[in-house]
Amino acid sequence: GDSVTQMEGPVTLSEEAFLTINCTYTATGYPSLFWYVQYPGEGLQLLLKATKADDKGSNKGFEATYRKETTSFHLEKGSVQVSDSAVYFCALSRNAGNMLTFGGGTRLMVKP
Amino acid sequence: EAGVTQFPSHSVIEKGQTVTLRCDPISGHDNLYWYRRVMGKEIKFLLHFVKESKQDESGMPNNRFLAERTGGTYSTLKVQPAELEDSGVYFCASSPRTSVGYGYTFGSGTRLTVV
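From first to last, the protein sequence lines stand for chains A and B. Here the first sequence is numbered in the working numbering, starting from 1 and rising by one per residue. Here the second sequence is numbered in the working numbering, starting from 1001 and rising by one per residue.
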């Protein structure tokens, strides 16, 4: 079945550091890929997405590129802020109902 | 527009009791999804409604879980009787479209603790 694997956290960075959170997936066909973010006390929010190979999703300074050859969708940001502290979830959808398959989540802590 | 609303935000119940979670989707969203995250594990799909019909309930763990969506508006998820392993965070989400790749809007979740 479909699966998503992302690096375990927590990831602790200083403000303005470069961020990479790795995400790889296993799925047949051509899934759509997502990053969701959950800030403390809030629900999941769609951060960015990509629906086909080589697409780059971007939002709020975050980027991720759909790499079919490596089945990856790594999340990057050039300079993190304290306000980026949250849990980040990588996910895919493939079926007609648009059901999401999630990775385990990665907690990011950014220190001033 | 108002977002997806879930309540209660927290619920603590004893093993064997019944709990009902409610989700109010964004108005006009035909698609409603339930997910849950059991402590330390991935967020897992439970089921998908299109209007009042269950489109996919393949993720429902067992027959102690019953989901309904009255008139295609709000949805309830009842757990009866609750067991310790049901503890976790239950998320609801809604979407106006079913298209693969269409992101949806999640609620803040209900944290259920069974003691």
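A virtual CB, placed ideally from N, CA and C, is assigned to each residue, including glycine.
Candidates Thr1018(B), Thr1020(B), Lys1041(B) and Phe1007(B), of which the one nearest Gly103(A) by Cα
Counted from its first residue, the first sequence places residue 103(A) at position 103. The shortest C-alpha separation from Gly103(A) is found at Lys1041(B).
Using only alpha-carbon positions, find the residue among Lys111(A), Glu15(A), Asn95(A) and Gly105(A) that is nearest to Glu8(A).
The residue labelled residue 8(A) in the question sits at position 8 within the first sequence. The residue with the shortest Cα to Cα distance from Glu8(A) is Gly105(A).
Contact set between Phe1106(B) and chain A, taken where Cβ atoms lie within less than 8 Å
Reading the second sequence from its first residue, position 106 is the one you call residue 1106(B). Per Cβ cutoff of 8 Å: Tyr36, Gly43, Leu44 and Gln45.
Could you name each continuous beta strand (DSSP E) segment of 3 residues or more that falls completely within the region 34-71 of chain A, going from the start of the chain to the end?
44-50, 56-59 and 62-65
In terms of DSSP beta bridges, what is Asn1031(B) paired with?
Taking the first residue of the second sequence as 1, we reach residue 1031(B) at position 31. DSSP, once it has assigned bridges, lists Val1050(B) and Ser1095(B) as partnering Asn1031(B).
8 Å Cβ cutoff, Asp1056(B) in contact with chain A
Taking the second sequence and counting its residues from 1, one reaches residue 1056(B) at position 56. At least one chain A Cβ lies under 8 Å of Asp1056(B).
Please tell me whether Ala27(A) has its Cβ less than 8 Å away from any Cβ of chain B.
As a position in the first sequence, residue 27(A) is number 27, starting the count at 1. Not one chain B Cβ lies under 8 Å of Ala27(A).
Along the region 1028-1050 of chain B, what residues have a CB closer than 9 Å to any CB found in chain A?
Asn1031, Tyr1033, Tyr1035, Arg1037, Gly1040, Lys1041, Glu1042, Ile1043, Lys1044, Phe1045, His1048 and Val1050
Does any residue of chain B bring its CB to less than 8 Å from the CB of Thr106(A)?
Position 106 of the first sequence, counting from 1, holds the residue named residue 106(A). No, no contact with chain B.
Is it the case that the region 1003-1011 of chain B contacts the region 16-25 of chain A, given that we only count it when at least three CB pairs across the two stretches are under 8 Å?
no
What are the boundary residues of the beta strand (DSSP E) that includes Ser3(A)?
Position 3 of the first sequence, counted from the start, is the residue given in the question as residue 3(A). Ser3(A) -> beta strand (DSSP E) spans Ser3 to Gln6.
Check whether the Cβ of Phe1007(B) lies closer than 8 Å to any Cβ atom in chain A.
For this step, residue 1007(B) is matched to residue 7 along the second sequence. Not an interface residue.
Exposure of Gly1101(B), with buried meaning 16 or more beta-carbon neighbours within 10 Å
The residue you call residue 1101(B) lines up with position 101 of the second sequence. By the Cβ neighbour-count rule, Gly1101(B) is buried, with 16 or more other Cβ atoms within 10 Å of its own.
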